[in-house]
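Each residue of the sequence shown is one higher than the one before, counting from 5 in this note's numbering. In what follows, a single structure is set out as structure tokens and then discussed.
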Amino acid sequence: MDAAPGAVLNRIAALATRSLNTPMAVISIVDRDRIWFAAAYGFDDVREIARGDGMSAFVILNDSPFVINDAATDPRAADLYFVRERGVRFFAGAPIVTFDGHRLGAIAVMDTQPRTLSADELAILEDLAAIIMEQLELRLLSLDSVLLERRLRGAAEDARDKARQSRDSAEFHRDEAERDRDHARRERDQAHVDREAAMRDRGIAERDRDQTEEFASVLQRTLLPPSLPDIEGMTVAAYFRPISTRQVGGDFYDLFALGGDQWAFFIGDVLGHGAGAAVVTSLIRYTLRSAALHYSDPTQALSEL
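Written out as structure tokens, the structure is:
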């Protein structure tokens, strides 16, 4: 994980502490034996612990948030690292789940005082876990796009080289044909083989281009709400047309309930296109949604950006 994704995860960890009013937050990846801290807020001297020492190992056992309101009265927490070494009393974590259902790790908040979280606050934690997963998926998609571009460029260069070789060979053997007809026939056959290879390379490039369009279409759909809610006394509709089927845009909109008879609506235009703009769009959309649920004043919600 390079510097740019790490900076995004650190900001999400900081946002978790501000949204839920806790002094510590951690984003962890859980493997068979270890728990790795991809980002943290409130401490910076621990990068990994044994899986058996971490509360994140409990979080990934379920799809819903895992909460310990008071570690002093919970036997599961007695020997855990942050309880033993940092005096943690409160812990709440939400699993980071891939789109195919694999629980990769967790985002968690911690406090040295016992406390509880409301259902809305737990929902904020789950939203942040979803944002993290989208950042990781977008990062992988961005890397795949770079590799695909390199393959396409290499295929085009190979095709040009083969075409140039075929042309040079044809010119050379045209002179040879005057002296040796059989030899020229064999060279024409070789040129035909080269042309077929170039056609196969072009077909591979076209299939790779189609995959790029499909990746862009899937990524664009994840940035917009799947459907608009029904609001009593109001008719709402949306129409979105991307600038290109091969490129992900940075435009987005969202409409959701705040509770009671209050609704939140926002529309945005992020500068740029491609996977980089999509990363910013995803972070802005989910940050605004979480902030709007947390703050009653729209100005405070926008300040989180």
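Glycine residues also receive a C-beta, built at the ideal position from the N, C-alpha and C atoms. From a predicted model like this one, the values you see are computed outputs, not experimental measurements.
Distance, L306 Cα to I128 Cα: Pairing I128 with L306, the inter-Cα distance amounts to about 16 angstroms.
Local Cβ density within 10 Å of M59, reported as buried at 16 or more and exposed below that: Buried, since its Cβ has 16 or more Cβ neighbours within 10 Å.
Ranges of the beta strand (DSSP E) found wholly within the segment 18-43, counting only runs of at least 3: You should have 28-34.
Nearest neighbour of P233, chosen from G207, A209, A261 [CA to CA]: Distances from the CA of P233 to each of G207, A209, A261 were compared; the closest alpha carbon is that of A261.
For G272: DSSP bridge partner residues: BP columns for G272 point to F256.
Where L151 falls, given that 16 or more other Cβ within 10 Å makes a residue buried: Confidence in L151 is poor, its pLDDT being 47 and thus under 50, which makes the residue's placement unreliable; the coordinate value appears in the next sentence. So L151 ends up on the exposed side.
Beta-bridge partners of P70, as assigned by DSSP: Checking the sequence, you will find Phe at residue 70 rather than Pro. Note: F70 sits in a beta bridge opposite G97.
Helix, strand or coil at D49 according to DSSP, with G and I counted as helix: Looking at D49 - three-state DSSP - the assignment turns out to be coil, as it is neither helix nor strand.
Same chain, Cβ closer than 7 angstroms to A174, five either side skipped, listed in chain order: Same-chain partners within the cutoff: A195.
DSSP-derived helix/strand/coil call for G207: Three-state DSSP puts G207 in a helix.
I235 - partner residues in DSSP beta bridges: Under DSSP, I235 forms a beta bridge with M238.
Backbone CA spacing between R183 and A209 [nearest angstrom]: Here the alpha carbons of A209 and R183 stand approximately 40 angstroms from one another.
Short Cβ contact (8 angstroms threshold) for L259 with F269: Between L259 and F269, the gap from beta carbon to beta carbon is short of 8 angstroms.
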